[in-house]
Amino acid sequence: MAHQHSEPALSVFDIFKIGIGPSSSHTLGPWRAALRFLSSLQQTGRLPIVRKVQVLLYGSLAKTGRGHGTDVAVMLGLCGEDPVTFPVENINPTLEALSRDQQMVLGKSAPIAFDPAADVVFLMDESLPFHPNALTFLAQLENGEELAETYYSVGGGFVVKEGEGGRDVNGPDLPFPIADARELLHWCRKTGLPISEIVAENELAWRPEAETAAGVLQIWHTMRDCVYRGCHISGILPGGLNVIRRASDLSKKLISGRTYTDFDSWVAAIREGGSGFKYTLDWVSAFALAVNEENASFSRVVTAPTNGAAGVIPAVLLYYIVFCDGYQDESILRFLYNASEIGSIFKKGATISAAMGGCQAEIGVSSAMAASALTECLGGSARQCQMAAEIAMEHHLGLTCDPVAGLVQVPCIERNTMGAIKAITAAQLALQSNPDHARVSLDNVVETMWETALDMNAKYKETAEGGLAVNIPLGLKEC
Ligand code: SF4
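In my numbering, the protein residues as written are 20 to 498.
If you want it as structure tokens, here you go:
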């Protein structure tokens with residue numbers, strides 16, 4: 020397996036990406052890979068002369084690809100649809116039309132014969148050495164030429180093309196280059212700036228401040244809408260496990276008849292209910308469940324840093340907004356900037372791919388990100404932020420990925436509630452502690468997570484071949 024060290028600079032928009040559920044590595048990544056394949060066909064002038072396309076899915080993409088919607092993602096990508104803007108309600112009609120017509124309009128301009136059942140091939144027993152999430156696009160051209168391009172979906176929606184040295188993005192030179200937690204702390208100490216402002220300064224290397232702020236607020240609005248939607252839709256999740264959505268019933272019970280008309284009045288109505296421990300805890304769970312029930316329904320979510328773990332950061336951010344009076348744009352920006360830097364540190368020093376490191380790489384990282392962000396927003400120093408991130412990851416080390424039936428539902432949805440509450444506990448512990456007395460640094464825990472990832476048995480790395488995935492699949496189907 021390739022190590023994720025020596026990454027180029029990462030922007031806040033590399034960590035938080037708007038897309039469609041249920042999986043950043045198995046849905047968003049393959050979708051983006053298909054778009055890159057299309058763009059390579061376009062750039063070389065070959066798109067109009069393509070006659071046939073096939074997609075080969077390897078390793079974890081084959082083993083859990085059906086449950087994670089990998090086939091859906093590559094087909095929509097090949098159609099030229101954008102995961103950020105494609106209306107989620109059009110997914111099923113588009114797939115039905117593909118199956119019915121046995122035809123695809125490649126890149127919205129080149130009609131080709133395409134049979135979804137035969138042209139997306141799940142190679143269950145094959146994997147490529149660079150990364151477990153590999154896919155190859157094969158194209159036959161009118162002139163007899165045959166093309167093959169292989170991509171790797173390396174976690175969090177990041178994609179690298181074979182032969183590109185494992186890099187998805189080429190960043191600019193930053194005023195504050197950060198490879199690890201120690202370097203981040205160095206810049207915070209040297210400048211006196213909090214983590215969020217170091218990030219904001221670095222983002223200026225990509226684009227003007229106002230553009231970054233507008234983009235990050237769009238990320239927040241997508242998270243907010245996802246929580247709100249998820250708290251108002253009941254029913255059964257797709258995929259055959261018959262998992263019942265719980266966020267809606269829970270939030271209805273908690274709101275207890277208080278009226279509201281939109282998100283803002285909903286926040287006010289939640290606050291009117293008080294701030295007792297059990298009430299607050301239940302709301303944090305409702306927020307997290309809502310996002311991941313939406314994620315499991317192929318709805319619009321934000322990778323944070325992945326789709327499977329997309330509920331942790333919105334849940335902790337909503338906790339801060341609703342129960343800690345943090346409802347201002349500046350506070351929301353501070354939260355997300357800070358969180359993104361912690362996610363980058365884990366991506367650079369370890370991994371954010373469950374296929375590489377199990378669920379510690381998803382829920383563990385999201386919990387560490389949220390813990391640090393909440394700590395800064397509640398007045399903690401940069402060292403306390405790092406302490407909070409370290410505590411949150413320390414207690415996720417070794418967490419395996421074992422999605423039942425290959426769906427991002429069990430244990431994934433509830434696991435986001437656990438990641439959120441651990442993040443809040445970690446932030447509180449750090450805020451009440453003197454970092455001088457911390458025995459484990461954030462870099463220590465990043466390194467430990469990576470070593471644990473290397474030692475973890477492959478069956479616990481998003482293959483649905485171990486843990487809950489093999490012990491209880493049939494029982495759940497009967498729920
Ligand atoms: S078990 Fe964790 S890592 Fe695996 S799919 Fe679910 S949330 Fe993602």
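We put the CB at the ideal spot given by N, CA and C, even for glycine. The structure displayed is predicted, hence computed values, not measured ones.
Tell me the residue span of the beta strand (DSSP E) that contains S172. Unbroken beta strand (DSSP E) run through S172: E165 to G174.
Whether L126 touches V320 by CB criterion (8 Å): Strictly speaking, residue 126 in this sequence is Gly, with Leu absent from that position. For G126 and V320, no; Cβs fall outside 8 Å.
Given this structure, state the Cα-to-Cα distance separating Y457 from L300, to the nearest angstrom. Residue identity check: residue 457 is Ala in the sequence provided, not Tyr. Rounded to whole angstroms, the separation of the alpha carbons of L300 and A457 is 27 Å.
Just checking E413 against the ligand SF4 - is the residue's beta carbon closer than 7 Å to any of the ligand's heavy atoms? The answer is no for E413.
In chain order, what residues of the same chain lie with their CB nearer than 6 Å to the CB of L493, ignoring the 5 residues before and after it? With a pLDDT of only 49 at L493, under 50, the local geometry of the prediction cannot be trusted, and no value is derived from it.
Within the continuous beta strand (DSSP E) that includes V321, where are the two ends? Start and end: R319 to T322.
Three-state secondary structure assigned by DSSP to I238: In this structure, I238 counts as helix in the three-state DSSP scheme.
Continuous alpha helix (DSSP H) stretch holding G362: start and end: Its alpha helix (DSSP H) spans residues D348 to G368.
6 Å Cβ shell around W285 - same chain, five flanking residues per side excluded: Taking W285 as the centre and dropping the five residues before and after it, the same chain places the C-beta of Y279 closer than 6 Å to its C-beta, in chain order.
Answer yes or no: the CB of A442 versus the heavy atoms of the ligand SF4, is any distance below 7 Å? Incorrect: A442 has no Cβ contact closer than 7 Å to the ligand SF4.
Out of E470, L47, S460 and G485, point me to the one whose CA is closest to E202's CA. Between E202 and the set E470, L47, S460 and G485, the nearest pair of CA atoms involves S460.
Should V489 go down as buried or exposed, given a rule of 16 or more other Cβ atoms within 10 Å for buried? It counts as exposed.
Let me know if H150 comes out buried or exposed under the rule of 16 or more other beta-carbons within 10 Å of its beta-carbon. Buried, by the Cβ-count rule.
Given G254, which residues of its chain have a CB within under 6 Å of its CB, disregarding the five upstream and five downstream residues? Cβ neighbours of G254 beyond the five flanking positions: R264.
Give me the DSSP bridge partner(s) of F141. In DSSP, F141 forms a bridge with L76.
Quick check: what's the CA-CA separation for E222 versus P67? Going by the C-alpha atoms only, they are around 38 Å apart.
Straight-line Cα distance separating L193 from H205: Each residue's Cα considered, the two are about 15 Å apart.
Inter-residue spacing [alpha-carbon to alpha-carbon] between T325 and S43: Each residue's CA atom was taken as its position, placing T325 and S43 some 5 Å apart.
Going by alpha carbons, who is nearest to R434 out of G345, A307, V31 and Q122? Of the listed residues, the one whose Cα sits closest to R434 is A307.
Sub-8 Å separation of Y170 and L154 beta-carbons: Taking 8 Å as the Cβ cut-off, Y170 and L154 qualify as a contacting pair.
Whole-angstrom C-beta distance between T322 and F35, which should lie under 8 Å: Contact check for F35 and T322: beta-carbon distance about 6 Å, within the 8 Å limit, so the pair qualifies.
Looking at the strands, I want to know which residues DSSP matches up with M123. For M123, which the question treats as bridged, DSSP gives the partners I131.
Tell me whether C245 counts as near the ligand SF4, meaning its Cβ is closer than 7 Å to at least one heavy atom of that ligand. Because no heavy atom of the ligand SF4 lies under 7 Å away, the Cβ of C245 does not count as near it: no.
Among C431, S270, W225 and V235, which one has its Cα closest to the Cα of I252? Comparing Cα positions, the closest option is S270.
DSSP bridge partner residues for K441 (one or two, in chain order): None; K441 has no bridge partner.
Measure the C-alpha to C-alpha separation of C378 and V465 and round it to an integer number of angstroms. In a straight line, the C-alpha of C378 is about 14 Å away from that of V465.
Just curious, the beta strand (DSSP E) that F56 is in, first and last residue? Here F56 belongs to no beta strand (DSSP E); instead the alpha helix (DSSP H) covers G48 to Q62.
Just the Cα atoms here: how many angstroms apart are G261 and G234? Per the sequence presented here, residue 261 reads as Asn, with Gly not at that position. The C-alpha of N261 lies about 36 Å from the C-alpha of G234.
Return yes when at least one heavy atom of the ligand SF4 lies under 7 Å from the C-beta of P422, else no. True, at least one ligand heavy atom lies under 7 Å from that Cβ.
Identity of the residues DSSP links to V179 by a beta bridge: As a beta-bridge residue in DSSP terms, V179 pairs with Y171.
Could you compute how far the alpha carbon of G259 sits from the alpha carbon of V423? Taking C-alpha positions only, G259 is separated from V423 by approximately 11 Å.
Quick check: what's the CA-CA separation for T419 versus S372? Rounded to the nearest angstrom, the two C-alpha atoms are 12 Å apart.
Out of curiosity, what's the CA-to-CA distance linking D474 and H415? Each residue's alpha carbon lies about 15 Å from the other.
Below 8 Å between beta carbons: does that hold for C245 and S318? Yes. Within cutoff.
When the Cα atoms are used, what is the spatial distance from W239 to T89? Counting only the Cα atoms, T89 lies some 26 Å from W239.
Taking the DSSP output, what are the residues bridged to I263? Looking at the DSSP output, I263 shares a beta bridge with I255.
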